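All the letters of the sequence shown, read from the start, carry residue numbers -18 to -1, 1 to 296 under mature numbering (1 follows the signal peptide of the UniProt record, and there is no 0).
One structure below.
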Amino acid sequence: MFVQLITLALAALPQTLAHGGVLSISIGSTWYDGWAPYNSPVGQTSIIRPWSTYNPITDATDPTISCNDDGTSGALQLTAPITAGEKITAYWNQVWPHPYGPMLVYMAQCPGTTCTGVNSDTLSWFKIDESGLINGTVYDGFWGDGLMIADNSSWTTTIPSTIPNGPYLIRFETIALHSLPAQFYPECAQLMVSGGGSLAPTAAELVKFPGAYSNTDPGLDIDIYSNEAQTETTYPIPGPPLYGTSGASSSPSGPSSTSVIPTTTISSTSPSSTPTGPTVPEYGQCGGIGFTGSTVCASPYKCNVVNPYYSQCY
Ligand SMILES: *[C@@H]1O[C@H](CO)[C@@H](O)[C@H](O)[C@H]1NC(C)=O
Ligand SMILES: *[C@@H]1O[C@H](CO)[C@@H](O)[C@H](O)[C@H]1NC(C)=O
Ligand SMILES: [Cu+2]
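Below you can see the structure in the form of structure tokens.
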């Protein structure tokens, strides 16, 4: 009997260890302890919104998909100050177990003067960072999730320097594709942004959670172990276009268009000229540290910096 119980306990353990979430955050040299989902919520103080389970969300329309909970703030909810243009790092469980799938970071501005008391399901989110299939094939390639694991199971992103000042939620998400349905692991934190700009997200860049994803999206309904996956080298990252890439910058060659091209967009040097080398298809890699391939995107796509290791055509 005793042996059986131990066996049961050991059998149950890996399931818990196989999942998790964002356990802490750092901004510059300031460390913020996270929410502890398996402790009593009473007395917990964190900039991270309460979240309730290490288990993944597998239904893209689940009401908990905004922040892995019912959307409410904590009783003693904290907010971290951050300057637009500053970096913020989220830390997952060590070592994060799922290397296949994309990393995504969203923000949502809250109405009024604070996000405390604002349900995350009511907000409009824009994507500030994403990393999908970095190289190789869908079947055995290197993904954003793998980069997160390689970087101490953490993800560092930069608050866009152009977003308006105010209270925001930031939503860090890792999506795991090793089984279907896809597994969503989102957690959120409250920020107060200062030193920002005046480039509001466009309507095309804003989404709701739930709403942004469907389990039938090409990037979610994907069998990475299929025969096709073994030759597929592009991957459509779920969700809306990145903040700053649609709207203002889509009106080409207007008299003042150069002044509104966001800093995260690298225009190819001569967008309308015939490329001299091989071109990179939509969602293909076109730059990044250590990248030696073509940096010319097939028309009409542009090369966008996703992170220092990865630029992508879209
Ligand atoms: C894929 O990208 C990662 C991260 O940049 C790099 O470490 C790895 O060597 C690359 N692999 C190939 C086959 O290019
Ligand atoms: C790696 O992450 C842990 C938190 O999971 C943190 O305590 C540690 O300082 C990090 N190490 C480095 C080198 O950043
Ligand atoms: Cu898991």
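Quick reminder that beta carbons are idealized off the backbone N, C-alpha and C, glycines included.
All values derive from a computational prediction rather than experimental measurement.
Excluding five sequence neighbours on each side, which residues of the same chain lie with their C-beta closer than 6 Å to the C-beta of alanine 211? For the purposes of this step, residue 211 is taken as the residue at position 229 of the sequence shown. Answer for alanine 211: Val120, Tyr121, listed in chain order.
With a CB to CB cut of under 7 Å and the five nearest residues on each side skipped, what residues in its chain are close to aspartate 51? Translated into the one-based positions of the sequence shown, residue 51 becomes position 69. Arg31, Pro32, Trp33, Ser34.
What do you get for serine 281, buried or exposed, if any count of 16 or more other CB atoms within 10 angstroms of its CB means buried? Mapped onto the sequence shown, residue 281 falls at position 299. By the C-beta density criterion, serine 281 is exposed, having fewer than 16 other C-beta atoms within 10 angstroms.
Residues bridged to glutamate 169 (per DSSP): As a working note, residue 169 is residue 187 in the sequence shown. Per DSSP, Phe154.
Nearest by alpha-carbon distance to alanine 164: which of Pro45, Ala186, Pro200, Glu112 is it? The residue you call residue 164 lines up with position 182 of the sequence shown. It is Pro200.
Between the C-alpha atoms of isoleucine 47 and glycine 2, what's the straight-line distance to the nearest angstrom? Position 65 of the sequence shown holds residue 47. Position 20 of the sequence shown holds residue 2. Approximately 15 Å between the Cα atoms of the pair.
What residues match up with glutamate 112 in a beta bridge as DSSP calls it? Taking the sequence shown and counting its residues from 1, one reaches residue 112 at position 130. Bridge partners of glutamate 112: Leu86.
If you run the structure through DSSP and keep just helix, strand and coil, what is leucine 5? Looking up residue 5 in the sequence shown gives position 23. If DSSP states are grouped into helix, strand and coil, leucine 5 belongs with the strands.
Would you say phenylalanine 108 and proline 183 are within 7 Å of each other, going by their C-beta atoms? Here residue 108 corresponds to residue number 126 of the sequence shown, with the count starting at 1. Here residue 183 corresponds to residue number 201 of the sequence shown, with the count starting at 1. Yes, these two residues count as a Cβ contact at 7 Å.
In terms of DSSP beta bridges, what is threonine 140 paired with? For the purposes of this step, residue 140 is taken as the residue at position 158 of the sequence shown. Paired residue(s): Lys69.
Cβ pair count under 8 Å reaching 3, the segment 97 to 104 against the segment 204 to 219: no
For isoleucine 64, does the three-state DSSP call read helix, strand or coil? What you label residue 64 is simply residue 82 of the sequence shown in a count that begins at 1. Strand at isoleucine 64.
Express the C-alpha separation of serine 106 and tyrosine 20 in angstroms, rounding to a whole number. In the sequence shown, residue 20 corresponds to position 38, counting from 1. In the sequence shown, residue 106 corresponds to position 124, counting from 1. Taking the straight line from one Cα to the other gives about 29 Å.
Would you list the residues sitting across from isoleucine 271 in a DSSP beta bridge? Here residue 271 is taken as the residue at index 289 of the sequence shown, counted from 1. By DSSP's assignment, isoleucine 271 forms no beta bridge with any residue.
Kindly indicate if chain C contains any beta-carbon less than 7 Å away from that of glutamate 155. The chain labelled as chain C is not found in the depicted structure, where only one protein chain is given.
Per DSSP, cross-strand counterpart(s) of tyrosine 14: In the sequence shown, residue 14 corresponds to position 32, counting from 1. Partner(s): Ile7.
Decide if the segment 124 to 142 is in contact with the segment 57 to 71; the criterion is three or more beta carbon pairs, one per stretch, under 8 Å apart. yes
Nearest-angstrom Cα separation, counted from threonine 215 out to residue 308: A query on residue 308 cannot be resolved here, the shown segment of the chain reaching from -18 to 296 and no further.
Report buried or exposed for proline 93, applying the criterion of at least 16 other Cβ atoms within 10 angstroms of its Cβ. Translated into positions along the sequence shown, residue 93 becomes position 111. The residue is exposed, with fewer than 16 neighbouring Cβ atoms inside 10 Å.
According to DSSP, residues forming a beta bridge with valine 189: By 1-based counting over the sequence shown, the position of residue 189 is 207. Paired residue(s): Trp107.
Is it the case that the CB of asparagine 117 approaches a heavy atom of ligand 1 more closely than 6 Å? Along the sequence shown, one-based indexing puts residue 117 at 135. Yes.
Apart from the five residues on each side of it in sequence, which residues of its chain come closer than 8 Å, Cβ to Cβ, to asparagine 134? Along the sequence shown, read from residue 1 onward, the residue named residue 134 stands at position 152. Contacts found: Tyr73, Gln76.
Buried versus exposed, by CB contacts within 10 Å (16 or more), threonine 27: Counting from one through the sequence shown, the residue named residue 27 turns up at place 45. Threonine 27 comes out exposed.
How many whole angstroms separate the CB atoms of glycine 148 and leucine 181, which I take to be in contact at a CB cut-off of 8 Å? By one-based count along the sequence shown, residue 148 stands at place 166. By one-based count along the sequence shown, residue 181 stands at place 199. That belief does not hold up - the Cβ atoms of glycine 148 and leucine 181 are roughly 13 Å apart, past 8 Å.
In chain order, what residues have a CB nearer than 5 Å to some heavy atom of ligand 3? Ala(-1), His1
Give me the pocket residues for ligand 2, defined as CB within less than 7 Å of any heavy atom, sorted by chain position. Leu5, Ser6, Tyr73, Gln76, Asn134, Ser135, Ser136
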